[in-house]
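Presented below is the structure to which this report refers.
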């Protein structure tokens with residue numbers, strides 16, 4: 001259980017970093033670079049959000 005809680009905390013931290021990166025990516029001057037960076041960052045955000053949901057469900061199942 002402690003490992004899951006630590007994993008969730010790390011994922012939430014990663015999510016905050018990726019969301020910040022997404023905001024920064026949207027400010028790129030070059031439109032092509034901006035589109036690529038936003039797409040990459042958005043995928044990271046989506047993947048981490050899904051993983052957080054999975055870990056949260058695992059924690060709930062153990063509670």
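In the numbering used here, the protein residues as written are 1 to 63. A virtual CB, placed ideally from N, CA and C, is assigned to each residue, including glycine.
- Spanning the alpha carbons of residue 10 and residue 30 requires a straight line of approximately 32 Å.
- About 12 Å separates the beta carbon of residue 42 from that of residue 15, a gap too long to meet the 8 Å contact definition.
- In the DSSP assignment, residue 13 falls within the alpha helix (DSSP H) that extends over 2-25.
- Contact annotation: residue 34 and residue 40 have beta-carbon atoms that are not nearer than 8 Å.
- Between residue 38 and residue 8 a beta carbon distance of about 26 Å is seen, past the 8 Å cut, so the two are scored as non-contacting.
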